[in-house]
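Asker: Take a look at the following structure, please.
Residue numbers (the numbering used here): 96 to 319.
Structure follows, in structure tokens:
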């Protein structure tokens, strides 16, 4: 008979194995259910781990790559097209709304991020995007006399977040901006114009407060 400490360790390992088996079984079942519900509008790699919940409007499309992990919820509304490359990690609730295309490159992490996409939003590989809003649209015309009229050309413009970028908590990234590779957007910043590579920006409007030394750069690039 095993000593009490050994028995406890064995019991703990048995519980861990049972929990792991339950999670794997649940992932397989939920993947089957999503494919059955949404049909050709959704594709999910068998190695993806959907531990939370996915909900989609009937006009949306979703592609989930190998090794993707969705910890809590992913909501895709409107007519958006969302592409998650391998090993993307969605933490907390992530929501996408619009009729444009959202592409998230390999290894990126989104944590409670909200995305309004009427044209295109791209997030580079290994980037970290925290709770905040990324929007490629104003939704409304600026001039008071046409503010409630259908949107004129120019109210939308693509947003691009480069490779290995860190977007902190509570940031607002507005239409047409590009964030250069390796850059950091400090918490609570409002980004109204593009940010060069290898810098830290902060404030409203966001301005450069530090430039990384070349020796600190990762060498990653979002260029095709």
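All residues carry an ideal CB built from backbone N, CA and C; glycine is no exception.
Please read these numbers as outputs of a predicted model, since none were measured by experiment.
For residue 153, write down the residues that DSSP places opposite it in a beta bridge.
Answerer: Position 58 of the chain shown, counted from the start, is the residue given in the question as residue 153. DSSP lists no partner for residue 153.
Asker: Beta carbon of residue 231, beta carbon of residue 257: below 8 Å?
Answerer: Within the chain shown, numbered from 1, the residue matching residue 231 stands at position 136. Within the chain shown, numbered from 1, the residue matching residue 257 stands at position 162. Their beta carbons are not under 8 Å apart, which means residue 231 does not touch residue 257 by this criterion.
Asker: What number of angstroms, rounded off, separates the C-alpha of residue 310 from the C-alpha of residue 316?
Answerer: Numbered from 1 along the chain shown, position 215 holds the residue referred to as residue 310. Numbered from 1 along the chain shown, position 221 holds the residue referred to as residue 316. Rounded to the nearest angstrom, the two C-alpha atoms are 15 Å apart.
Asker: Please work out which residues of its chain come closer than 6 Å, Cβ to Cβ, to residue 160, disregarding the five sequence neighbours upstream and downstream, and give them in chain order.
Answerer: Indexing the chain shown from 1 puts residue 160 at position 65. Closer than 6 Å at the Cβ level, and outside the excluded window around residue 160, lie 140, 179, 180 and 181.
Asker: Does the Cβ-Cβ distance between residue 129 and residue 149 come in under 8 Å?
Answerer: Translated into the one-based positions of the chain shown, residue 129 becomes position 34. Translated into the one-based positions of the chain shown, residue 149 becomes position 54. Yes. Within cutoff.
Asker: Which residue marks the beginning of the beta strand (DSSP E) containing residue 166, and which one marks its end?
Answerer: Mapped onto the chain shown, residue 166 falls at position 71. Per DSSP, residue 166 belongs to no beta strand (DSSP E) and is neither H nor E.
Asker: Does the distance from the CB of residue 213 to the CB of residue 227 come in under 8 Å?
Answerer: Here residue 213 refers to the residue found at position 118 of the chain shown. Here residue 227 refers to the residue found at position 132 of the chain shown. It is not a contact, given that the beta carbons lie outside the stated cut-off.
Asker: In or out: residue 153 buried (at least 16 other Cβ within 10 Å) or exposed?
Answerer: As a first step, residue 153 must be located in the chain shown, where it is residue number 58. Its Cβ having fewer than 16 others within 10 Å, residue 153 is exposed.
Asker: From this set, 217, 147, 126 and 119, which residue's C-alpha is nearest residue 137's C-alpha?
Answerer: Residue numbering aside, residue 137 sits at position 42 when the chain shown is read from its first letter. Per the Cα distances, 126.
Asker: Out of 215, 222 and 265, which one is the CA nearest neighbour of residue 251?
Answerer: Looking up residue 251 in the chain shown gives position 156. The candidate whose alpha carbon is nearest that of residue 251 is 215.
Asker: Are the beta-carbon atoms of residue 183 and residue 219 separated by less than 8 Å?
Answerer: Reading the chain shown from its first residue, position 88 is the one you call residue 183. Reading the chain shown from its first residue, position 124 is the one you call residue 219. Cβ distance not < 8 Å, so residue 183 and residue 219 don't count as in contact.
Asker: Around the Cβ of residue 313, are there at least 16 other Cβ atoms within 10 angstroms (buried) or fewer (exposed)?
Answerer: Along the chain shown, one-based indexing puts residue 313 at 218. Exposed is the call here.
Asker: So, is residue 119 buried or exposed, given that buried needs 16 or more other C-beta atoms within 10 angstroms?
Answerer: Looking up residue 119 in the chain shown gives position 24. By the neighbour-count rule (16 or more Cβ atoms within 10 Å), residue 119 is not buried but exposed.
Asker: How would you label residue 222, buried or exposed, when you count the other beta carbons within 10 angstroms and need 16 or more for buried?
Answerer: Indexing the chain shown from 1 puts residue 222 at position 127. Buried: at least 16 other Cβ atoms inside 10 Å.
Asker: Please state the DSSP three-state secondary structure of residue 201.
Answerer: Stepping through the chain shown from its first residue, residue 201 is reached at position 106. It is coil, neither helix nor strand.
Asker: Decide if residue 210 is buried, meaning its Cβ has at least 16 other Cβ atoms within 10 Å, or exposed.
Answerer: Along the chain shown, one-based indexing puts residue 210 at 115. Flag for residue 210 reads buried.
Asker: Within 8 Å, do at least three Cβ pairs link the region 284-296 to the region 240-248?
Answerer: With a cut-off of 8 Å, the region 284-296 and the region 240-248 do not count as touching, because too few Cβ pairs lie within range.
Asker: Looking at the structure shown, is residue 297 part of a helix, part of a strand, or coil, going by DSSP?
Answerer: As a working note, residue 297 is residue 202 in the chain shown. Strand at residue 297.
Asker: Could you work out which residue in 147, 133, 272 and 186 is closest to residue 122 when comparing CA atoms only?
Answerer: The residue you call residue 122 lines up with position 27 of the chain shown. Closest option to residue 122, Cα to Cα, is 147.
Asker: Taking only the alpha-carbon atoms, compute the straight-line gap between residue 151 and residue 104 and give it to the nearest angstrom.
Answerer: Numbered from 1 along the chain shown, position 56 holds the residue referred to as residue 151. Numbered from 1 along the chain shown, position 9 holds the residue referred to as residue 104. Each residue's Cα considered, the two are about 43 Å apart.
Asker: Taking 8 Å as the cut-off, decide whether the C-beta atoms of residue 292 and residue 277 are in contact.
Answerer: Mapped onto the chain shown, residue 292 falls at position 197. Mapped onto the chain shown, residue 277 falls at position 182. Closer than 8 Å, so yes.
Asker: Between the beta-carbon of residue 198 and the beta-carbon of residue 185, is there less than 8 Å?
Answerer: Here residue 198 refers to the residue found at position 103 of the chain shown. Here residue 185 refers to the residue found at position 90 of the chain shown. No. Outside cutoff.
Asker: What do you get for residue 134, buried or exposed, if any count of 16 or more other CB atoms within 10 angstroms of its CB means buried?
Answerer: Locating residue 134 in the chain shown gives position 39, where the first residue counts as 1. Exposed, since its Cβ has fewer than 16 Cβ neighbours within 10 Å.
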